[in-house]
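Below is one structure, written out as structure tokens, with a few remarks after it.
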Amino acid sequence: MIKPIYLLILLLGGFLFPNEKQKNIDPFTNITICHSDDMAQFVNSPGFASFHPAPLEIEFSGNGEMTTYPTADGKTASGYLIKSNGPSDKWLFVYQEWWGLNDHIKSKADEFYHDLEGKVNVIALDMYDGQVTSNPQEAGKLMQGANEDRLTAIVKGAQALAGSNAKIANVGWCFGGAWSLRSALITAEQNIGSVMYYGMPVRDLEQLKKLNSDVLGLFATEQYISEEIIKDFASKMDEAGKKLTYKIFPAVHGFSNPSNPKYDAEASAEAYEMAITYLRGKFQV
5 MIKPIYLLIL LLGGFLFPNE KQKNIDPFTN ITICHSDDMA QFVNSPGFAS FHPAPLEIEF
65 SGNGEMTTYP TADGKTASGY LIKSNGPSDK WLFVYQEWWG LNDHIKSKAD EFYHDLEGKV
125 NVIALDMYDG QVTSNPQEAG KLMQGANEDR LTAIVKGAQA LAGSNAKIAN VGWCFGGAWS
185 LRSALITAEQ NIGSVMYYGM PVRDLEQLKK LNSDVLGLFA TEQYISEEII KDFASKMDEA
245 GKKLTYKIFP AVHGFSNPSN PKYDAEASAE AYEMAITYLR GKFQV
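Here the sequence shown stands for residues 5 to 289, where the numbers follow my numbering.
As structure tokens, this is what we get:
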């Protein structure tokens with residue numbers, strides 16, 4: 005009986021007290037194609053937060069203002085809105101990174117507004133209902149805690165705010181990159197385009213068949229939203245009969261945020277030129 009008891013002790017000890025090498029293994033190290041389109045799945049991976057250093061503070065004084073609108077769940081949503089300089093049914097929905105609707109995202113909304121010649125209504129949606137952080141761990145919790153029904157209600161409320169005649173395009177980064185594509189699906193026939201910066205794509209074929217437009221993907225060189233995931237997305241888009249134009253930049257996740265210490269000015273400039281050219285074409289400005 006000595007050997008079986010000894011083995012049992014070893015097994016229990018390994019389960020209750022894993023060695024340091026085991027504890028430090030990144031659970032997503034060997035994952036290249038994941039079964040979920042939700043970026044929140046990566047939050048508990050030790051390496052994922054390292055791709056999101058705390059953003060630096062920026063000085064910002066915008067041209068827009070915060071506005072509120074009702075949502076179908078009986079609540080109120082908000083967004084940073086810059087109205088077009090004349091009557092227009094053209095709308096650009098801007099989607100935040102996992103930090104929340106911070107000054108960087110508002111400044112990007114202003115930049116797109118300016119470069120679309122003020123002919124497009126631009127609204128940066130507050131997907132966290134007022135919660136903003138610069139702490140990676142807190143940002144992860146906010147992203148994990150975001151309720152998909154509520155997020156969808158926020159998008160649909162903004163669609164109602166834009167009106168039934170609105171032509172809507174979308175742009176977003178990280179968490180917002182994923183929601184740029186989801187917004188395209190939610191807004192259905194009113195959607196005219198989607199730009200997703202390093203966001204997890206929807207890869208459900210039946211969903212992608214419902215897209216009303218093509219997609220521009222601006223991805224980073226990274227482990228989580230990997231080249232294999234992106235190529236799988238491209239294959240699914242092709243199978244769905246939808247056009248995907250994309251580039252994987254030799255830069256880290258979050259490379260296009262100038263408040264990110266790992267900001268890549270060259271890659272960011274190229275990506276933005278692709279994005280604004282795409283959006284000008286969609287809005288015909």
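Just so it is clear, CB atoms sit at the ideal spot from N, CA and C, and this is done for glycine as well.
* So Met204 and Ser184 are in contact, right, with Cβ under 8 Å, and what is the actual spacing, rounded? -> No, Met204 and Ser184 are not in contact; Cβ-Cβ is about 11 Å, not under 8 Å.
* To do: Determine the DSSP secondary structure at Gly149, reduced to helix, strand or coil.
  => Residue state, collapsed to three classes: helix.
* Report back the beta-carbon spacing between Ala279 and His257 to the nearest angstrom; my notes put them in contact at under 8 Å. => By a beta-carbon distance limit of 8 Å, Ala279 does not contact His257. Their separation comes to about 17 Å.
* Would you kindly work out how many angstroms separate the C-alpha atoms of Glu154 and Trp102, rounded to a whole number? => For clarity, residue 154 is Arg in the given sequence; the question names Glu instead. Going by the C-alpha atoms only, they are around 16 Å apart.
* To do: Would you tell me roughly how many angstroms separate the C-alpha atoms of Ser72 and Asp208, rounded to the nearest one?
  => In the sequence under discussion, the amino acid at residue 72 is Thr, which differs from the Ser named in the question. Approximately 32 Å, taken between the alpha carbons.
* Decide if Ala269 is buried, meaning its Cβ has at least 16 other Cβ atoms within 10 Å, or exposed. => exposed
* Asked: With Tyr132 and Val126 assumed to form a contact (beta carbons below 8 Å), what rounded beta-carbon distance in angstroms separates them?
  -> No, Tyr132 and Val126 are not in contact; Cβ-Cβ is about 19 Å, not under 8 Å.
* Would you mind stating whether Gly221 and Tyr250 have Cβ atoms separated by less than 8 Å? => yes
* **Complete runs of the alpha helix (DSSP H) confined to the segment 164-241 [at least 4 residues]** => 179-190, 209-212
* To do: Would you decide whether Glu277 is buried or exposed? Buried here means 16 or more other CB atoms lie within 10 Å of its CB.
  => Flag for Glu277 reads exposed.
* Alpha-carbon to alpha-carbon, Lys123 and Phe97 -> 14 Å
* To do: Kindly indicate the opening and closing residues of the alpha helix (DSSP H) around Met278.
  => 269-287
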